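Student:
Numbering (the working numbering), first residue to last: 1464 to 1618.
Have a look at this one:
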């Protein structure tokens, strides 16, 4: 297929030009990640997109925050492999006490069978590391929307 030549100046259109970046409504997100740099970057990204953020270094610290602020949490983002309490036991404890809180698991261990087992056992969204800003925000928004849909079906 050929198109006629034109002398008009054109500029390629990118997806970024046509779709505004997803933004939050101030929902509070708990980020549970043992790597301080990753935790900080994730928190900065989420804050820049309109989320409130609380941070935890491992699962036990995350559970303390969940116990204190579960009514306020819009979503939890957690790593899988962490010291003290890893993502699997952390997710199990959250699901048992507060099954309504959406969870996004971020991990670089994509092919690890334990990671896949945790994903299926706890009904969570998965975000493989490394990820882009839009992928991170998109997964969080997807997890929260999915939870709202599930709650609407029950009501």
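Note that beta-carbon positions come from the ideal geometry of N, C-alpha and C, so glycine has one too.
Predicted model only: the values in this text are computed from it and were never measured.
For residue 1539, which option in 1493, 1606, 1613 and 1615 has the closest C-alpha, if you only look at C-alpha atoms?
Tutor: The option with the nearest alpha carbon to residue 1539 is 1493.
Student: When you compare the CB positions of residue 1536 and residue 1491, do they come within less than 8 Å of one another, or not?
Tutor: Their beta carbons are under 8 Å apart, which means residue 1536 touches residue 1491 by this criterion.
Student: Contact between the stretch 1544 to 1564 and the stretch 1516 to 1529 is defined here as three or more beta-carbon pairs at a separation below 8 Å; is this criterion met?
Tutor: Segments in contact, yes.
Student: Using CA coordinates, which residue listed in 1505, 1588, 1551 and 1564 is at the minimum distance from residue 1614?
Tutor: Considering only alpha carbons, the answer is 1564.
Student: Starting from residue 1515, trace the beta strand (DSSP E) in both directions and tell me its first and last residue.
Tutor: Residues 1515 to 1519.
Student: So, at 7 Å on beta carbons, what are the nonlocal neighbours of residue 1502 in its own chain, with the 5 sequence-adjacent residues on each side left out?
Tutor: 1494, 1496 and 1518, listed in sequence order.
Student: Just to check my reading of the structure: residue 1606 and residue 1566 have Cβ atoms closer than 8 Å, yes? What is that Cβ distance to the nearest angstrom?
Tutor: Confirmed, Cβ separation roughly 7 Å.
Student: Suppose the cutoff is 6 Å on Cβ atoms and the five residues either side in sequence are ignored; what does the same chain contact list for residue 1468 look like?
Tutor: The predicted model places residue 1468 with a pLDDT of 48, which falls under 50 and marks its position as unreliable, so this point remains unresolved.
Student: Between which two residues does the alpha helix (DSSP H) harbouring residue 1594 extend?
Tutor: Note, residue 1594: premise wrong, no alpha helix (DSSP H); not H, not E.
Student: What are the start and end residues of the alpha helix (DSSP H) that includes residue 1537?
Tutor: Here residue 1537 belongs to no alpha helix (DSSP H); instead the beta strand (DSSP E) covers 1536 to 1541.
Student: Residue 1602: buried (16+ other C-beta within 10 angstroms of its C-beta) or exposed?
Tutor: Buried, since its Cβ has 16 or more Cβ neighbours within 10 Å.
Student: I need the straight-line Cα distance from residue 1550 to residue 1513, nearest angstrom please.
Tutor: Computed Cα separation, rounded: 25 Å.
Student: Can you tell me whether residue 1587 is helix, strand or coil according to DSSP?
Tutor: Residue 1587: coil per DSSP, three-state reduction.
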